[in-house]
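**Q** In the order they appear, the protein sequences are chains A and B. The first sequence maps to residues 1 to 174 in this note's numbering. The second sequence maps to residues 1001 to 1149 in this note's numbering. Even for Gly, the Cβ is constructed at its ideal location relative to N, Cα and C.
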Amino acid sequence: MDDNYSENDLQKETLADFTGLFADLDKTLQYKDHPDQDILRAYIANRLLDAPRAGRVGMTFREEQAFEAFLQGRLVRWTRSDVAMHVLTCQVCQQQVMHLRESRWRFLALARTQPPREQRSWRQRFAIGAMAGAAVVAVIFALWLWPPVPSPIDLQQAIDGGVMVVYRAPGRRF
Amino acid sequence: MEVRIELARLAYAENILRCTNEPPEMVEDLLSLDGELEKARRWFAFAEAKRRFDPNIVRGLLVYLFSRYTSTEFDPHKREQLVREINAGRVRMRDLTIERLAGTRLSWEHIFRLVGYQFNPTREKEKIKELYLQLYSGNGAFTEVSYGR
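Below is the structure:
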């Protein structure tokens, strides 16, 4: 079989030579500890890392203690592989993951089918712009009308012989 | 205990899929604690094949294997969800776990889509089997394998 294999040849290839690798795996185990809801949510959303402390390579195979904890099903920090293996063999968590996945799927499907926000017409945009402009002008005008705050007079300077100039301001503004 | 070691080997295989695996010589002792060195070495052949051949094709073979043989129960609903994600291009191989693939029974068409191109699975499978024989050459001894590029 070369690169130009037929569709029939392709369908026949099932990699059956490797099935021995999966012997004795189709069973459930009893666990004392289970990942909590937050960890399962992170796992489903692909936000759970393979190793929180060890970069890209999983801790499970890096430290004997971590490996022992993995074997005993007592995990302090759950990595993605830890959760995957746990869920694969724990019926309780399988149900939880199924429900969480369902709700996530519903949420994402709903979000993807939301209609895009309606574009405003040029009249609406013009009206909003005019209102914003009028508001800015009104604020500037109000500031112009606001009476000026007189600066405090330094009397001590006058008592000490300094020159004090008093300006007389008109009723409203200069 | 045996089942847990079996799970550890499977976790290692999952790490090969996501390219987060340790080199085989560093985990050989841990993954053969139950005396099943042969099983551990078969996964190591995949790890080495990923280094020597096209890594995406080896990962594609692993995805196929996990989807077919991890669980004997077929889960059509799970498959439908995953296939929809694959067809929409919203899932990559590094996002996948064995648990997510178990029972989905993906076809080669889906694997090719995940990998990004078509390949000849029979030829690639034979290459891995040959590599296994080359590495562990009958007497069980681990022949010289360089993990440096």
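Between PHE61/A and GLU1130/B, is the Cβ-Cβ spacing less than 7 Å?
**A** No, the Cβ-Cβ distance between PHE61/A and GLU1130/B is not below 7 Å.
**Q** Return no unless some Cβ of chain A is closer than 7 Å to the Cβ of LEU1065/B.
**A** Closer than 7 Å: yes.
**Q** For LEU1030/B, return the contacting residues in chain A, with the cut-off set at a CB-CB distance below 8 Å.
**A** What LEU1030/B touches in chain A: PHE61, GLU64 and PHE67.
**Q** In the DSSP assignment, find the alpha helix (DSSP H) that holds GLU1002/B and state where it starts and stops.
**A** Note, GLU1002/B: alpha helix (DSSP H), 1002 to 1017.
**Q** Report the residue from ILE1128/B, GLY1060/B and TYR1012/B whose alpha carbon sits nearest the alpha carbon of ASP17/A.
**A** For the residues ILE1128/B, GLY1060/B and TYR1012/B, the minimum Cα distance to ASP17/A belongs to ILE1128/B.
**Q** Can you name the residues of chain A whose CB is closer than 9 Å to the CB of VAL1003/B?
**A** ASP24, LEU25, LYS27, LEU29 and THR89, listed in chain order.
**Q** What's the call for GLN65/A, buried or exposed, on a 16-neighbour Cβ count within 10 Å?
**A** GLN65/A is exposed by the Cβ-count criterion.
**Q** Hey, how far is the Cα of VAL1083/B from the Cα of LEU1106/B?
**A** So the alpha carbons of these two residues sit roughly 8 Å apart.
**Q** Grouping DSSP H, G and I as helix and E and B as strand, with all else coil, what is CYS175/A?
**A** Because chain A in this structure spans residues 1 to 174, residue 175/A falls outside the shown range and cannot be described.
**Q** VAL1083/B versus chain A: which residues are under 8 Å apart at the beta carbon?
**A** Going along chain A, no residue has its Cβ under 8 Å from VAL1083/B, so there is no contact; the nearest lies around 13 Å.
**Q** From ARG1013/B to ASP1029/B, what does the alpha carbon distance come to, in whole angstroms?
**A** This sequence places Ala at residue 1013/B; Arg is not what is there. Cα to Cα, the separation comes out at about 16 Å.
**Q** Report the CB separation of LEU100/A from LEU49/A in whole angstroms; it is logged as a contact under 8 Å.
**A** Their Cβ separation, rounded to whole angstroms, is 18 Å, which puts LEU100/A and LEU49/A out of contact at 8 Å.
**Q** Rounded to a whole number of angstroms, what is the C-alpha to C-alpha distance between GLU1103/B and GLN1081/B?
**A** A small correction: the amino acid at residue 1103/B is Gly; Glu does not occupy that position in the sequence shown. Between GLY1103/B and GLN1081/B, the C-alpha separation is close to 12 Å.
**Q** What did DSSP end up calling PRO35/A once you bin it into helix, strand or coil?
**A** Here PRO35/A sits in coil by DSSP.
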